[in-house]
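**Q** Taken in order, these protein sequences are the chains called A and B.
For the first sequence, the positions run -14 to 85 when the working numbering is used.
For the second sequence, the positions run 338 to 801 when the working numbering is used.
We put the beta carbon where it would ideally sit given N, CA and C, even for glycine.
What you are looking at is a predicted structure, and each value in this text was computed from that prediction instead of being measured.
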Amino acid sequence: MSEQALPQGATERLETAALEREIARLIVQGLNLPVAPEQIDADAPLYGEGLGLDSIDILEIALIVSKQYGVVLRADNEENERIFRSLRHFAHHVAAHRTK
Amino acid sequence: MNSGSPPLFLQEGPDSIVAWRDGRPIDARRFLHDARALARRLPAGRHILNLCADRYRFAVGMAASLLSDKCSLLPPTQAPGLIRELREFAPDTVCLTDDADCALELPLLFYGDAIDDGPQAATLAPARDGDWQVPRIPGSQLAACIFTSGSTGAPIPHRKSWGRLVHCVRAGATQLATLRRQGCAVLGTVPPQHMYGFETTVLMPLQSGAALSAARPFFPADIAAELERLPRPRVLMTTPVHLRSLVSAETALPAVDLIVSATAALPVSLALEIERRYATRLLEIYGSTETGQIAARRTALERAFRLWPGVALELIEQRCWAQGGHIEQVTALADEIELCGPDRFLLHGRTVDLVNVAGKRSSLSYLNHQLNAIAGVIDGAFFVRDDRDASLAGVTRLGALVVAPALEAADILAQLRQRIDPVFLPRPLLRVAALPRNETGKLPQQTLRALIAQAAAREPHLFA
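1) Bridge partners of residue 361 (chain B), per DSSP?
2) For the stretch -11 to 33 of chain A, which segments carrying the alpha helix (DSSP H) assignment without a break, of at least 4 residues, lie completely within its bounds, in sequence order?
3) How about residue 57 (chain A): is its C-beta nearer than 8 Å to some C-beta of chain D?
4) Given that a residue counts as buried once 16 or more other Cβ atoms are within 10 Å of its Cβ, and exposed if not, what is residue 40 (chain A)?
5) What would DSSP say about residue 726 (chain B), mapped onto helix, strand or coil?
6) Locate the beta strand (DSSP E) running through residue 523 (chain B), then write down its first and last residues.
7) If the cut is a Cβ gap below 8 Å, which residues of chain A does residue 554 (chain B) touch?
8) Can you pull the chain A neighbours of residue 586 (chain B), defined as C-beta to C-beta under 8 Å?
9) Hey, quick one: how far does the beta strand (DSSP E) through residue 672 (chain B) stretch, first residue to last?
10) Locate the alpha helix (DSSP H) running through residue 505 (chain B), then write down its first and last residues.
11) Do residue 11 (chain A) and residue 80 (chain A) have their CB atoms nearer than 8 Å?
12) Residue 44 (chain A) versus chain B: which residues are under 8 Å apart at the beta carbon?
13) If you count every other CB in all the chains shown that lies within 10 Å of the CB of residue 666 (chain B), and 16 or more means buried, which is it?
14) Where does the unbroken alpha helix (DSSP H) through residue 784 (chain B) begin, and where does it stop?
15) If you draw a straight line from the C-alpha of residue -3 (chain A) to the C-alpha of residue 75 (chain A), how long is it?
16) Return yes when the Cβ of residue 356 (chain B) is within less than 8 Å of the Cβ of residue 590 (chain B), no when it is not.
17) Using the C-alpha atoms, what's the distance from residue 14 (chain A) back to residue 730 (chain B)?
18) With a threshold of 8 Å between beta-carbons, can residue 559 (chain B) be considered close to chain A, or not?
19) Determine, using beta carbons only, whether residue 737 (chain B) and residue 710 (chain B) come nearer to each other than 8 Å.
20) In the DSSP assignment, find the unbroken alpha helix (DSSP H) run with residue 705 (chain B) in it and report its ends.
21) Going along the chain, which residues of its own chain have a beta-carbon closer than 7 Å to the beta-carbon of residue 459 (chain B), five neighbours each way excluded?
22) When you compare the stretch 387 to 403 of chain B with the stretch 538 to 557 of chain B, are there three or more beta-carbon pairs, one atom per stretch, that lie closer than 8 Å?
23) According to DSSP, is residue 429 (chain B) helix, strand or coil?
24) For residue 537 (chain B), which of B:367, B:507 and B:557 has the nearest alpha-carbon?
25) Could you tell me if residue 530 (chain B) is buried or exposed, where buried requires 16 or more neighbouring beta carbons within 10 angstroms of its beta carbon?
26) Roughly how many angstroms separate the alpha carbons of residue 692 (chain B) and residue 701 (chain B), rounded to a whole number?
27) Answer with buried or exposed for residue 534 (chain B), where buried requires no fewer than 16 other C-beta atoms within 10 angstroms of its C-beta.
28) Taking C-alpha atoms, which residue in B:532, B:425 and B:563 lies nearest to residue 696 (chain B)?
29) Taking the alpha-carbon of residue 408 (chain B) as reference, which of B:417, B:416 and B:426 has the nearest alpha-carbon?
Below is the structure:
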């Protein structure tokens, strides 16, 4: 056990940040968004204001994350408001439920 | 026809099933009880903006409005500007909503769990056979007013009488024979406030004795889960966008006896794929807010649409007009149509000015009007993007060119968001020094295309 090993929480934070960037890239590519992935504010809302996505985009994002990570989104999930609150929340959800 | 008084629904007897919610049946006795209870709570005005997302509550709201001779207002979008214009159109409008957080600037009537938790079916007044009677509504009664975006900026109301609505969906139900099979259940992915959703997921089930699902599934997994909970025969009323998402996500569905698609052109390849993958029949419906639905085809097998009985088309000076059947007055269609027989036609796409984004319809002239009405915008024009390799079938996206030196792109988008439905927001919004208008003030398509191509070359990231 190396003394330089990061505490577990820090490792998770790093992994989520990497996943955030990966998802941002997939979304920008998949939706042809007029922004660079690194320009997406991880704390801005995905839907409506903020990134300005609409329901068709959300359907496309659902396809992207089901293909890439095996995460299945459901409309009746009571967590949805939290999940789509921002890229950061969304990445957390994907990290917690990914099967690939 | 406006003659006669069609009943509120065709379900026979108080125990027949009107709706399914969360896997549980709701019978006709309960439906009528809920509709009458809600009718007593409706305020004095004549107009009800029915925004209930739960399809059963929407149906109760519609029935309550019909029972108290009120008109249901169905807007295509809830953009704040449109709600303002709605208020001008009908100042007595009250909004019926099942969203506790609804923040529209209208008097609100909340229809939530308080009503749902009313008396259970067993405690409702027992209806002896002789007592049971489904209310009849005069055919000439104004039942609904459905809005589309007009080319001048103001939303255009389309008034629908009860008799003609019923006539239309009953004619449709003869083509969608599955609906009339015993115990049929109907699931929809389209909101009931949209003409197609209103007709196929609320009126059609009620007027053919089929049960409607209260659910409004969105993601592929939602559709699969809700279908699983419904009895057979099952019918899915949906759109090319949702069908494409089912195929792309390789979603497994339980047996579905009929799938119906409308709102945008259904690619033949997608129709074939859906029929093969789900071993079902897929019908594509053709219609418009003005005419209601008027025709259908089995896209995987045939090119021509078959008109509803009684409806006729006629070409006059290169425009196609529809009349007969449930259509009140001769109506021009917004599509390029080729007639091939008395009840058959081919569809060749939309006429130029109209745009259809995921089933929401607008016109470029309306969108341009809204863009140019923003303070600080000197000139601006929307265009339809034809470069985009959309992964979802039938999804058109728009862009816009704008001359507004004092405004940031974000400001313009924020203003537009107040005025138009978000699906029409330009992506990209390109800021230019001037638009290449000709001497008559028109924007020749060729010049416009060249300007867009230049912008794309200059800022490729905007076009991805």
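**A** Walking through what the data contain:
1) B:358
2) -7 to 16
3) Protein chains in the displayed structure are A and B, and chain D is not among them.
4) exposed
5) Because residue 726 (chain B) sits at a pLDDT of 46, beneath the cut-off of 50, its placement in the model cannot be relied upon, and the following sentence gives the value as read from the coordinates. Correct three-state label for residue 726 (chain B): coil.
6) 522 to 525
7) 60
8) 47, 48, 51 and 52
9) 672 to 676
10) 499 to 512
11) no
12) 555, 556, 578, 579, 582 and 729
13) exposed
14) 782 to 795
15) 15 Å
16) no
17) Summary for residue 730 (chain B): the model assigns pLDDT 49, below 50, so the residue's position carries little reliability; its value from the coordinates is reported in the next sentence. Each residue's Cα considered, the two are about 17 Å apart.
18) yes
19) no
20) 701 to 709
21) At residue 459 (chain B) the pLDDT is 46, less than 50, meaning the model places this residue with poor confidence; the figure from the coordinates comes in the next sentence. Nothing meets the Cβ criterion.
22) yes
23) coil
24) B:507
25) buried
26) 7 Å
27) buried
28) B:532
29) B:426
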